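The structure appears below as structure tokens.
Number of protein chains: 2
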Amino acid sequence: MECKSALAEAKGDLAEAEVVLRKRGIASAGKKATRTTKQGVVGSYIHAGAQLGVLVEVNCESDFVARTDDFQELVRDLAMHIAAADPQFVRREDVAEAVIEKEKDIQKARVIAEGKPEKVAEKIVEGRMSKFYEEVCLMEQPFVKENTVTIDQLIKTKIAKLGENITVSRFARFKVGDTDAA
Amino acid sequence: MECKSALAEAKGDLAEAEVVLRKRGIASAGKKATRTTKQGVVGSYIHAGAQLGVLVEVNCESDFVARTDDFQELVRDLAMHIAAADPQFVRREDVAEAVIEKEKDIQKARVIAEGKPEKVAEKIVEGRMSKFYEEVCLMEQPFVKENTVTIDQLIKTKIAKLGENITVSRFARFKVGDTDAA
Numbered sequence: 001m002e003c004k005s006a007l008a009e010a011k012g013d014l015a016e017a018e019v020v021l022r023k024r025g026i027a028s029a030g031k032k033a034t035r036t037t038k039q040g041v042v043g044s045y046i047h048a049g050a051q052l053g054v055l056v057e058v059n060c061e062s063d064f065v066a067r068t069d070d071f072q073e074l075v076r077d078l079a080m081h082i083a084a085a086d087p088q089f090v091r092r093e094d095v096a097e098a099v100i101e102k103e104k105d106i107q108k109a110r111v112i113a114e115g116k117p118e119k120v121a122e123k124i125v126e127g128r129m130s131k132f133y134e135e136v137c138l139m140e141q142p143f144v145k146e147n148t149v150t151i152d153q154l155i156k157t158k159i160a161k162l163g164e165n166i167t168v169s170r171f172a173r174f175k176v177g178d179t180d181a182a
Numbered sequence: 183m184e185c186k187s188a189l190a191e192a193k194g195d196l197a198e199a200e201v202v203l204r205k206r207g208i209a210s211a212g213k214k215a216t217r218t219t220k221q222g223v224v225g226s227y228i229h230a231g232a233q234l235g236v237l238v239e240v241n242c243e244s245d246f247v248a249r250t251d252d253f254q255e256l257v258r259d260l261a262m263h264i265a266a267a268d269p270q271f272v273r274r275e276d277v278a279e280a281v282i283e284k285e286k287d288i289q290k291a292r293v294i295a296e297g298k299p300e301k302v303a304e305k306i307v308e309g310r311m312s313k314f315y316e317e318v319c320l321m322e323q324p325f326v327k328e329n330t331v332t333i334d335q336l337i338k339t340k341i342a343k344l345g346e347n348i349t350v351s352r353f354a355r356f357k358v359g360d361t362d363a364a
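These protein sequence lines are chains A and B, in that order.
Numbering-wise, my numbering puts 159 at position 159 of the first sequence, and it's gapless, one number per residue.
Plus 182 on top of the position in the second sequence (first one is 1) and you've got my numbering.
Structural data, given as structure tokens:
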């Protein structure tokens with residue numbers, strides 16, 4: 001009994017330490033975010049049946065990191081994620097102003113139709129816009145293989161582990177017959 | 183000696199027959215060119231070292247043809263060709279009006295600088311524009327694996343063989359660090 005509780009306590013400590021380390025890693029990842037990434041890898045994912053395919057460019061700082069298994073795994077995960085989650089943009093800054101305005105108008109109209117008081121209306125629209133970015137921006141989507149982390153967090157964890165800034169510069173996602181998509 | 187010449191003649195006949203058949207095939211391919219292509223395959227090509235990758239959607243009329251080895255081979259060939267030849271557009275009609283105008287202006291200025299008489303200047307510009315399309319449009323490029331045929335002819339041969347219209351709807355080509363490219 002005593003042994004069990006000691007074990008439980010030790011496990012708790014370990015989990016806590018991991019959280020601290022992860023936070024520290026992600027914080028240090030933040031510092032690396034401005035460093036330029038000119039090396040990297042182009043990866044692809046073709047879904048079974050070849051009706052859906054993805055091409056993605058993931059960048060890092062050195063050719064050395066680009067060749068590590070960890071980096072290659074990230075590229076594979078991202079390509080697979082993009083196939084499954086169908087993002088429209090890499091990050092919030094990439095969403096065209098016209099798309100944002102259109103979405104805001106839709107959400108404003110919805111809030112008005114729902115008869116919400118004007119005081120809270122703006123807050124609600126803001127919240128729904130956050131939700132919208134989460135749906136259409138790769139970096140804000142929950143990772144399909146582990147939906148408690150976003151793609152941004154997944155990448156930050158790799159930055160912490162590999163010690164280099166990592167960015168996604170672009171992707172293409174083709175589905176047969178779906179020629180309007182990017 | 184007699185045997186040899188007979189053989190040579192037979193070979194000549196065979197080559198001639200092939201040309202006729204090919205012409206006939208390509209002619210019948212032309213007739214199929216208006217048929218809609220909603221099925222197909224998304225293929226990719228990642229060049230050794232993963233610094234360059236291509237994604238391409240090739241369409242045909244039926245799922246049955248999409249699954250044939252012939253069609254799959256075409257998709258692989260096209261992806262590889264795009265990686266090597268770096269086209270900017272699928273076909274002439276896809277080139278933006280602004281790009282055409284800019285190129286025409288460049289060629290006109292060149293012709294004037296070369297002091298060509300005005301009578302022939304227009305013809306020369308026309309010829310150089312043809313050359314330009316051949317360089318930037320996938321369908322007009324000579325196939326990298328067999329540069330006596332264009333991609334358009336390569337596809338027409340497959341149309342003749344498989345009996346279905348085949349089209350390339352889109353492609354993406356990513357080279358690491360080359361973020362301006364399409």
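For glycine and all other residues, C-beta sits at the position ideal for the given N, C-alpha and C.
As the structure is a prediction and not an experimental result, all values here were calculated from the model.
{"Item": "Are at least three pairs of beta-carbons, each pair with one atom in the segment 256 to 263 of chain B and one in the segment 331 to 339 of chain B, less than 8 Å apart?", "Value": "yes"}
{"Item": "Would you give the residue range spanned by the beta strand (DSSP E) that Q39 of chain A belongs to?", "Value": "Q39 to I46"}
{"Item": "Applying a beta-carbon distance threshold of less than 8 Å, which residues of chain B neighbour Q39 of chain A?", "Value": "V358 and G359"}
{"Item": "From which residue to which residue does the beta strand (DSSP E) around K379 of chain B run?", "Value": "The question about residue 379 of chain B has no answer here: the residues shown for chain B are numbered 183 through 364."}
{"Item": "On a CA-only basis, which of B:K298, B:Y315 and B:I306 is nearest E279 of chain B? Give me that one, please.", "Value": "B:Y315"}
{"Item": "Indicate whether at least one CB of chain B lies closer than 8 Å to the CB of E57 of chain A.", "Value": "yes"}
{"Item": "Indicate whether at least one CB of chain B lies closer than 8 Å to the CB of L154 of chain A.", "Value": "no"}
{"Item": "Pull up the distance between the alpha-carbon of F356 of chain B and that of D13 of chain A, whole angstroms please.", "Value": "45 Å"}
{"Item": "Flag L256 of chain B as yes if its beta-carbon sits less than 8 Å from any beta-carbon of chain A, otherwise no.", "Value": "no"}
{"Item": "So with Cβ pairs under 8 Å, would you call G127 of chain A a contact of chain B?", "Value": "no"}
{"Item": "With R258 of chain B as the anchor, note down where its alpha helix (DSSP H) starts and where it stops.", "Value": "D251 to A267"}
{"Item": "Which residue's Cα is closest to the Cα of E164 of chain A: A:A6, A:P142 and A:G40?", "Value": "A:G40"}
{"Item": "Taking Cβ positions, are I264 of chain B and F325 of chain B nearer each other than 8 Å?", "Value": "no"}
{"Item": "Express the C-alpha separation of S169 of chain A and V371 of chain B in angstroms, rounding to a whole number.", "Value": "Only positions 183 to 364 of chain B appear in the structure, and residue 371 of chain B is not among them; the question remains open."}
{"Item": "Give the secondary structure of A303 of chain B by DSSP, where H, G and I count as helix, E and B as strand, and everything else as coil.", "Value": "helix"}
{"Item": "With C-beta atoms as the reference, is M311 of chain B less than 8 Å away from E328 of chain B?", "Value": "no"}
{"Item": "Which whole-angstrom value describes the C-beta separation of F64 of chain A and V136 of chain A, a residue pair presumed to lie in contact below a C-beta threshold of 8 Å?", "Value": "The pair is not a contact, with the Cβ atoms about 34 Å apart (cut-off 8 Å)."}
{"Item": "Give the straight-line distance between the Cα atoms of D180 of chain A and I100 of chain A, rounded to the nearest whole angstrom.", "Value": "Confidence in D180 of chain A is poor, its pLDDT being 47 and thus under 50, which makes the residue's placement unreliable; the coordinate value appears in the next sentence. Roughly 19 Å separates the two Cα atoms."}
{"Item": "Could you tell me which residues DSSP puts in a beta bridge with T349 of chain B?", "Value": "B:N241"}
{"Item": "Looking only at C-alpha atoms, which of A:V56, A:K131 and A:L78 sits nearest to R92 of chain A?", "Value": "A:K131"}
{"Item": "Got a sec? Which residues, its chain only, sit under 7 Å from M80 of chain A by beta carbon, not counting five neighbours each side?", "Value": "Y45"}
{"Item": "Pull up the distance between the alpha-carbon of A295 of chain B and that of E304 of chain B, whole angstroms please.", "Value": "14 Å"}
{"Item": "Let me confirm a value: K243 of chain B is counted as buried when at least 16 other C-beta atoms fall within 10 Å, else exposed. Which label applies?", "Value": "Note that residue 243 of chain B corresponds to Glu in the displayed sequence, not to Lys. When all chains shown are included, E243 of chain B counts as buried."}
{"Item": "From the beta carbon of A8 of chain A, is the nearest beta carbon of chain B less than 8 Å away?", "Value": "no"}
{"Item": "Nearest-angstrom Cα distance between I333 of chain B and M321 of chain B?", "Value": "5 Å"}
{"Item": "Going by beta carbon distance, what residues of the same chain come within less than 6 Å of V236 of chain B, once the five residues before and after it are set aside?", "Value": "Y227, A261, I264, A265 and R355"}
{"Item": "With DSSP as the reference, label T34 of chain A as helix, strand or coil.", "Value": "coil"}
{"Item": "Taking its Cβ as the centre, do 16 or more other Cβ atoms sit within 10 Å of I288 of chain B, making it buried, or is it exposed?", "Value": "exposed"}
{"Item": "Q289 of chain B CB to nearest chain A CB: under 8 Å?", "Value": "no"}
{"Item": "With a threshold of 8 Å between beta-carbons, can Q88 of chain A be considered close to chain B, or not?", "Value": "no"}
{"Item": "Give me the Cα-Cα distance between R35 of chain A and Q323 of chain B, rounded to the nearest whole angstrom.", "Value": "39 Å"}
{"Item": "Alpha carbon to alpha carbon, what distance is there between A33 of chain A and L162 of chain A?", "Value": "13 Å"}
{"Item": "Please state whether DSSP places F325 of chain B in a helix, a strand or coil.", "Value": "coil"}
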